[in-house]
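Visitor: I have a structure here, written as C-alpha cells, and I will follow up with some questions on it.
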Ligand code: NDP
Ligand code: OXD
C-alpha cells in the first residue's frame, strides 16, 4: 500500500513524512517530487498539489486533503472525476477561526483602534459604552468553522445569525437558509463573517449588491476564500461610507501583490491566510485515522460531495 504526499508548502521528511509513516506502519509513504518516477500510489495526501500528480499517479483510490477547503483540487483539470476526496475537519482550526472573528469584532465594536490612536496622541478618554444590539453579526456558512465562530460570538452576547444551505445553526443563533433567505440575513447584519467554502455557487458572493444590503456602517471579516470577494466592490463600499472596515485573511491572489490597495487602505486589515493555521500533530493524526478507516472499508466523515463542491 503506497501513499504519495504532495504539497505546495515546504514539507520536511522529519516533520510530516516520518510521523505519517509511523502512524501507518503497514504502508509506504513517499514524498512526491516532479523528478520522481510514477509511484503507482494507492492514496495521495495533498495540500495544493501540482496538476502533474494526477497525470502521473493513475492508480489512486482516494485523495486526502490537508485542509478544510478543497477548491484548489477542483481547479486541477487532471483531477479524476470520480476520485473520492476526503477533507480535514476542524483539527484545531475551528477555535482559531473563532479567535480571529472575535478579534475583528471586538476591535470594531469596542473601538480598540480609536483607543490605539488615543494612546499615540497621549489622550486618556473613555469612549461611549458598547451597545451589543447595534452589532448584529452574520456568519456565512455554519459548517465546522462557522458553527464554532457563531457559538463563540453568541457566547459574548452579540446577536448572531448564521446562513447556510440547510439553515442548521447552533443553539442561540438565528438560522437563515438558502439564497431566498440571504436578503433577510444580510439586512439584519452589521458584521458579516465569511466561512463559506469556495464553490461555483459561492464565488463572488461578497459583491456590491450583497454588501450594500448590510446595515449601514458595516464590517466584513473574510476567512473563507479570496474568490468570494469582488475586491473593487468592497473598495467602493468603503469609499461610499456604507461600510466602515474589513478584516481580510484570504485574497484572490496570494500572496497579495505589492501595490494592491488593501496593503495601505486605512479601513482594511490584512493577514496572510493565517486565520487558522494547520496544526501538524492534529492534522497527521486525523489524516492517518481517516486513511486507516478507508483502507479497512470503515465509514469515515469529511468525504466531499462532488456535486456540491464541498
Ligand atoms: P463545512 O463544509 O463544514 O461548512 C460549509 C458551510 O457552508 C456549511 O454550513 C454549508 O451549508 C455552507 N454552504 C456551502 N455552500 C453554500 C451555499 N451555496 N449556500 C449557503 N451555504 C453554503 O466547511 P468548513 O466549515 O470546515 O470550512 C469552510 C471553509 O473555511 C473552507 O472551505 C475554507 O475555504 C475556509 N477555511 C479557511 C481557513 C483560513 O485559515 N482562512 C482555514 C480553514 C478553512 P450546509 O451546512 O447546509 O451544508
Ligand atoms: C483550509 C485553509 O482550507 O487553511 O484548511 O484555508
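Residue numbers (this note's numbering): 244 to 553.
Ideal Cβ positions, reconstructed from N, Cα and C, are used throughout, including at glycine.
Kindly indicate which residue of 485, 476, 319 has the alpha-carbon position closest to the one of residue 291.
Guide: Minimum Cα distance to residue 291 is reached at 319.
Visitor: Smallest Cα separation from residue 434: which of 407, 520, 401?
Guide: 401
Visitor: Would you identify the three-state DSSP class for residue 190, choosing helix, strand or coil?
Guide: The requested residue 190 does not occur in the structure, where the chain is confined to residues 244 to 553.
Visitor: Put residue 346 into one of helix, strand or coil per three-state DSSP.
Guide: helix
Visitor: Per DSSP, residue 465 is paired with what?
Guide: 437, 491
Visitor: Could you tell me which uninterrupted beta strand (DSSP E) segments, each at least 3 residues in length, are contained entirely in the region 362 to 426, listed from first to last along the chain?
Guide: For the region 362 to 426, whole beta strand (DSSP E) runs of length 3 or above, ordered along the chain, are 380 to 383, 403 to 407, 417 to 420.
Visitor: On the DSSP bridge list, what partners appear for residue 512?
Guide: 490
Visitor: Of all the options 252, 501, 517, which has the alpha carbon lying nearest to the alpha carbon of residue 555?
Guide: The question about residue 555 has no answer here: the residues shown for the chain are numbered 244 through 553.
Visitor: Pick from 268, 245, 263: whose alpha carbon is nearest that of residue 523?
Guide: 263
Visitor: If we ignore side chains and look at the alpha-carbon of each, how far apart do residue 274 and residue 247 end up?
Guide: 6 angstroms
Visitor: Tell me where the alpha helix (DSSP H) around residue 537 begins and ends.
Guide: 523 to 539
Visitor: Mapping the DSSP letters down to three states, classify residue 448 as helix, strand or coil.
Guide: coil
Visitor: What's the gap between the Cα of residue 480 and the Cα of residue 505?
Guide: 13 angstroms
Visitor: Within its chain, find whatever has a CB closer than 8 angstroms to the CB of residue 345; leave out the 5 residues flanking it on each side and keep chain order.
Guide: 395, 396, 399
Visitor: As a quick exercise: from 388, 451, 298, pick the residue whose alpha carbon is nearest that of residue 279.
Guide: Taking only the C-alpha atoms, the option nearest residue 279 is 298.
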